[in-house]
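Shown next, in structure tokens, is the structure this report addresses.
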Amino acid sequence: MALKNTTAPVRWGVLGSSGIVDAFMADLPYTQNMRVDAVCSRTTEGAQRFAQKYGTPHTFTDVSAMVQSGRIDALYIAVPHSHHKAAACTALRAGVAVLVEKPATITVAEWDELVALAQQNNTFLMEALWTDFVPGMAAAQQAVAEGKIGTLRSLEVSFGFTAPDDPKGRLLNPDLAGGALWDIGIYGLYHAWRWLGEPETWSVQRVLASTGVDLRDTVDLAYTDGRVARMHFALDREMPKEVVLHGTRGWLRISDIYNAARVVLGGSSGPEEVIYERLDAAGGWCYEMQHVTDCLQQGLVESPRWRWSDTRQMQLWVANVQALWGKEHA
Numbered sequence: 001m002a003l004k005n006t007t008a009p010v011r012w013g014v015l016g017s018s019g020i021v022d023a024f025m026a027d028l029p030y031t032q033n034m035r036v037d038a039v040c041s042r043t044t045e046g047a048q049r050f051a052q053k054y055g056t057p058h059t060f061t062d063v064s065a066m067v068q069s070g071r072i073d074a075l076y077i078a079v080p081h082s083h084h085k086a087a088a089c090t091a092l093r094a095g096v097a098v099l100v101e102k103p104a105t106i107t108v109a110e111w112d113e114l115v116a117l118a119q120q121n122n123t124f125l126m127e128a129l130w131t132d133f134v135p136g137m138a139a140a141q142q143a144v145a146e147g148k149i150g151t152l153r154s155l156e157v158s159f160g161f162t163a164p165d166d167p168k169g170r171l172l173n174p175d176l177a178g179g180a181l182w183d184i185g186i187y188g189l190y191h192a193w194r195w196l197g198e199p200e201t202w203s204v205q206r207v208l209a210s211t212g213v214d215l216r217d218t219v220d221l222a223y224t225d226g227r228v229a230r231m232h233f234a235l236d237r238e239m240p241k242e243v244v245l246h247g248t249r250g251w252l253r254i255s256d257i258y259n260a261a262r263v264v265l266g267g268s269s270g271p272e273e274v275i276y277e278r279l280d281a282a283g284g285w286c287y288e289m290q291h292v293t294d295c296l297q298q299g300l301v302e303s304p305r306w307r308w309s310d311t312r313q314m315q316l317w318v319a320n321v322q323a324l325w326g327k328e329h330a
């Protein structure tokens, strides 16, 4: 059930003990009114290692037991993509709020099922698309709104790194919904959607890994008014992790693409200008974490910032890319 209006700290549980959960925990000191009281991992040893590292009082190896324990109000889900839906369903049915890592699910139908469960159980649900909450994005949006780059005409995204050559790992394993699109491409799609909206035409190219997942993707979007977007994602090479907005008066470079840690304004008429740079030691997850905690303390079941319909739109965009592949993830 939704929490009542309260100032009491929100008790969180985390599902998973991977690097992204470490990042979540590292940002905890930059938040207010939340604490992590429980961890659930596949093994007792993994859960105990996490608990000892972070001083987490309760450990579990079964997510159902954790959400039914009465120890937590909210669950952060950071397991492989293919396992998101099942864990979220378990928590929502128990009346435990859910923050589920992107992509929240791997089909639109699965997301619709989670939203229906959240509505039926009057329980908070949000996808963890943390980019929408970082202050660098707000600074970039303000600069564009103020006409600092003139009229926005195009967008270019690059994001690549060399993934471990592990066919059973989450990045290359089709059974874990691996591939470049789901892991990093969603950031590019998010930026294109946020800045340019719905395109008229789509064009997609991909290169497959030996496991059958997409190793590299290039996505091109075209708009009726002449605007364009080009996005490159790769799991087999190092690429700048940035988005560049091109306007009639200048350009705006946002890096890193996922947390907008630095935003630079430039153009032919003068030197570059740093309009935002995060100087604290936070990784950037804290802004999203604080937003969800605030929503829960207000008794909300849906974020007014990253809505259920926003996640659904991103799911539809991914489906558009997959349709152009001529296949869909299982």
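For reference, each letter of the sequence shown is one residue, going 1 to 330 in full-length UniProt numbering. Every residue, glycine too, gets a C-beta built ideally from N, C-alpha and C.
Identity of the residues DSSP links to residue i by a beta bridge
i	result
Glu156	Arg230, Val244
residue 360	Outside the modelled stretch of the chain, which goes from 1 to 330, sits residue 360, for which no answer is possible.
His58	Ala38
Residue i to residue j span [Cα, whole Å]
i	j	result
Ile77	His232	27 Å
Thr56	Val67	16 Å
Tyr223	Arg230	12 Å
Thr7	Gly284	24 Å
Val321	Arg216	13 Å
Arg249	Ala91	49 Å
His84	Gln315	14 Å
Thr43	Leu296	30 Å
Gly19	Gly266	35 Å
Val14	Gly70	14 Å
Arg153	Ala192	12 Å
Ile254	Pro199	22 Å
residue 339	Gly247	Because the chain is modelled from 1 through 330, residue 339 falls outside the range shown and cannot be assessed.
Val219	Trp202	7 Å
Gln119	Met239	41 Å
Gln52	Asp27	18 Å
Glu146	Trp12	39 Å
Gln205	Asp214	10 Å
Lys148	Arg194	18 Å
Leu125	Ser268	45 Å
Integer Cβ distance of residue i from residue j, believed to fall under 8 Å
i	j	result
Gly136	Arg305	Their Cβ separation, rounded to whole angstroms, is 15 Å, which puts Gly136 and Arg305 out of contact at 8 Å.
Asn259	Trp130	7 Å
Phe159	Tyr190	Actually they are not in contact, since the Cβ atoms of Phe159 and Tyr190 sit about 11 Å apart, beyond 8 Å.
Gly95	Thr123	5 Å
Endpoints, the beta strand (DSSP E) within which residue i is located
i	result
Gln205	201 to 208
Tyr54	From DSSP, Tyr54 is part of no beta strand (DSSP E) but of the alpha helix (DSSP H) over 44 to 54.
Asp217	214 to 222
Gly13	10 to 15
Trp251	251 to 255
Residue span of the alpha helix (DSSP H) that contains residue i, given as start and end
i	result
Ile20	19 to 26
Trp317	308 to 325
Ile186	186 to 196
Residue i Cβ short of 7 Å to the ligand FMN heavy atom set
i	result
Val67	As presented, the structure is devoid of all ligands, the ligand FMN included, so that no description of it is given.
### alpha helix (DSSP H) runs contained entirely in the region 65 to 127, provided each spans 4 or more residues
84 to 93, 108 to 121
### Every unbroken beta strand (DSSP E) within the region 259 to 298, with a cutoff of 3 residues, ordered by chain
262 to 267, 270 to 277
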